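Participant: Got a structure for you, questions after.
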Amino acid sequence: MRMIDLIEKKRDGQELTKDEINFMVQGYTRGDIPDYQMSALAMAVFFQDMSSSESVHLTMAMVESGDQIDFSEIEGIKVDKHSTGGVGDTTTLILAPLVASVGVPVAKMSGRGLGHTGGTIDKLESIAGFEVEMDGTTFNQLVNKNKVAVVGQSGNLTPADKQLYGLRDVTATVDSIPLIASSIMSKKIASGADAIVLDVKTGSGAFMKDVEGAKKLAETMTQIGNGAGRNTIAVISDMNQPLGFAIGNGLEVKEAIDTLKGEGPEDLYELCLTLGSHMIYLAGQADSTKEARTQLEDAIKSGRAVEKWKTFIEAQGGDKSVVDDPSKLPAASHTFEVKAKEDGIISEIIADEIGIAASMLGAGRTTKDSRIDLAVGLVLNKKVGEKVKKGESLVTVHSNTKETSDVVEKIYESYSISPHDVESKPLIYDVIK
Ligand code: URA
Ligand code: CA
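Residue numbers (the numbering used here): 19 to 451.
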């Protein structure tokens, strides 16, 4: 087999076989196939697309390129949740204890944030003492005992995806549905979940700017997951503005605490209940998502969700007293307000842009090894659809530096204020099975 023939075949719009895809992925991971041939192939896929069976084969070839996590020692059906990328997306912090509190095991491997998107592991580390590294046996025991544990990614998961993603990033081939779908799903499948709930974002702050594109991505991912024997569903949710109010590590932990007490932002609460209901349903713990939702609402109202959050923090060495006293979370040296320059109605808050503003304060990484500041970030005081008067606060900035004019400018760039009423967008557009 020769790579040049596969590039030509894909270029001309033909379907690659399982053997051809395996040859390509294995050769590329070993270093036998050079970057320039793989980029030509990625560009051919960008223009010619892939069939759903090609997408499944590509995903499985990437899964098999590295380690695969075995969760068979953990009792019950392990359901994982994945979001296609968000700013201020605090859902994992909330869903882990919430879903565990109704008895469904949450065995979560999470990453650190890179660039302007936050990582669950960084957020958890803003709780004093919280330990995110542990061996597999300890992890399994913790999940069996408490129904929840979260660890940082370790081992050699999907090296083929790591290489290919790096290549796509610099060859203008990220925005291809089969390539995004196989990249995400290979990581989910390799990390051992029995079932997967996907949160596919659509809007100005997402990969997929329109709902049609998001649906197509969701369909491709659910086909891959179900094809690989993992029960998979996708919720299409809105990313025309960040989720919740807080963006920044410690600030999002505070927001997660509020939400688990039933006192969080409405959109964040609603998305968590929607995703959580599907998780409970796929785990076989409820006969319908409606029944699952009632279980979750009860867990929040009764305080069981917040109790589980404390158990989870304590089991991983963290100071659980932050739950009752969030002032123990890292705090920035000063705060100030970014005020509206005109009257009107908020029509958009570009999530990427405001994420970059938080990152510029030190909440995100500029390189893989840079240190982040867990205390800094932004709290949105106005969201899309709200009226604002000139001089009212749009955003509260939590900062540890004096020079913040570029951050303020970025915040203004991300906010649009319209003189007219804006059409309200739904939070959830669709559910794809
Ligand atoms: N996230 C991923 O992991 N891969 C992609 O291709 C896009 C988003
Ligand atoms: Ca948030």
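Heads up, the beta-carbon is just placed ideally off N, CA and C, and yes, glycines get one too.
Bear in mind the structure is a predicted one, so any value in this text is a computation, not a measurement.
1) Going straight from the alpha carbon of Tyr430 to that of Thr385, what length do you get?
2) So, does the CB of Ile367 fall closer than 9 Å to a CB anywhere in chain E?
3) I believe Ala208 touches Thr176 by the beta-carbon criterion, under 8 Å. Please report the beta-carbon distance rounded to the nearest angstrom.
4) For Thr422, name the three-state secondary structure that DSSP assigns.
5) For Leu278 versus His416, is the C-beta spacing smaller than 9 Å?
6) Report the rounded CA-to-CA distance for Gly280 versus Val402, giving the unit in angstroms.
7) Does the count of Cβ pairs from the stretch 240-252 and the stretch 416-428 closer than 8 Å reach three?
8) State yes or no: is the C-beta of Ile298 within less than 9 Å of the C-beta of Val168?
9) If contacts are defined as beta-carbon pairs under 8 Å, then Val161 and Ile92 qualify, I think. What distance do you get, rounded to the angstrom?
10) Excluding the five sequence neighbours on either side, which residues of its own chain have a C-beta within less than 6 Å of the C-beta of Asp256, listed in chain order?
11) According to DSSP, simplified to helix, strand and coil, what is Thr176?
12) Helix, strand or coil: which one does DSSP assign to Lys405?
13) Are the CB atoms of Ala350 and Ala393 nearer to each other than 9 Å?
14) Following a CB-centred definition, is Thr102 positioned closer than 8 Å to any heavy atom of ligand 1?
15) DSSP three-state label for Asp305, please.
16) Exposed or buried, what is His75 when buried is set at 16 or more other beta-carbons lying within 10 Å of its beta-carbon?
17) Put His100 into one of helix, strand or coil per three-state DSSP.
18) Would you check if there are 3 or more beta carbon pairs closer than 8 Å linking the stretch 98-106 to the stretch 306-315?
19) Starting from Ala125 and walking both ways along the beta strand (DSSP E), at which residues does that stretch end?
20) Excluding sequence positions up to five away, which residues of its chain have a Cβ less than 6 Å from the Cβ of Lys36?
21) Going by beta carbon distance, what residues of the same chain come within less than 7 Å of Glu371, once the five residues before and after it are set aside?
22) In terms of residues, what are the limits of the beta strand (DSSP E) holding Gly170?
Facilitator: According to the data block:
1) For the purposes of this step, residue 430 is taken as residue 412 along the sequence shown, with counting starting at 1. For the purposes of this step, residue 385 is taken as residue 367 along the sequence shown, with counting starting at 1. Roughly 25 Å between the two C-alpha positions.
2) Within the model displayed, chain E is absent; a lone protein chain is all it includes.
3) Taking the sequence shown and counting its residues from 1, the one referred to as residue 208 is at position 190. Taking the sequence shown and counting its residues from 1, the one referred to as residue 176 is at position 158. Confirmed, about 5 Å.
4) As a working note, residue 422 is residue 404 in the sequence shown. It is coil, neither helix nor strand.
5) Along the sequence shown, read from residue 1 onward, the residue named residue 278 stands at position 260. Along the sequence shown, read from residue 1 onward, the residue named residue 416 stands at position 398. Result no, Cβ atoms of Leu278 and His416 do not sit closer than 9 Å.
6) Residue 280 sits at position 262 when you count from the first residue of the sequence shown. Residue 402 sits at position 384 when you count from the first residue of the sequence shown. About 22 Å.
7) no
8) By one-based count along the sequence shown, residue 298 stands at place 280. By one-based count along the sequence shown, residue 168 stands at place 150. Contact flag unset, no.
9) Against the sequence shown, residue 161 aligns to sequence position 143. Against the sequence shown, residue 92 aligns to sequence position 74. About 5 Å; that satisfies the 8 Å criterion.
10) By 1-based counting over the sequence shown, the position of residue 256 is 238. Cβ neighbours of Asp256 beyond the five flanking positions: Gly221, Lys443 and Leu445.
11) As a first step, residue 176 is located in the sequence shown; it is residue number 158 there, counting from the start. In the structure shown, Thr176 sits in coil (DSSP, three-state: anything other than H, G, I, E or B).
12) The residue you call residue 405 lines up with position 387 of the sequence shown. DSSP places Lys405 in strand when its eight states are reduced to three.
13) Numbered from 1 along the sequence shown, position 332 holds the residue referred to as residue 350. Numbered from 1 along the sequence shown, position 375 holds the residue referred to as residue 393. In contact: Ala350 and Ala393 (Cβ atoms closer than 9 Å).
14) Position 84 of the sequence shown, counting from 1, holds the residue named residue 102. It does: the Cβ of Thr102 is within 8 Å (strictly closer) of some heavy atom of ligand 1.
15) Looking up residue 305 in the sequence shown gives position 287. DSSP places Asp305 in coil when its eight states are reduced to three.
16) Mapped onto the sequence shown, residue 75 falls at position 57. Buried, because 16 or more other Cβ atoms sit within 10 Å of the Cβ of His75.
17) Position 82 of the sequence shown, counted from the start, is the residue given in the question as residue 100. Strand at His100.
18) no
19) Residue mapping note: residue 125 aligns to position 107 of the sequence shown, counting from 1. Here the beta strand (DSSP E) through Ala125 covers Val124 to Ser128.
20) Working through the sequence shown from its first residue, we reach residue 36 at position 18. For Lys36, where only same-chain residues beyond five positions count, the Cβ hits under 6 Å are His75.
21) Here residue 371 refers to the residue found at position 353 when the sequence shown is read from its first residue. Excluding sequence neighbours, Glu371 sits near Lys428, Glu431 and Ser432.
22) Position 152 of the sequence shown, counted from the first residue, corresponds to residue 170. Val166 to Gly170 is the span of the beta strand (DSSP E), which, as asked, contains Gly170.
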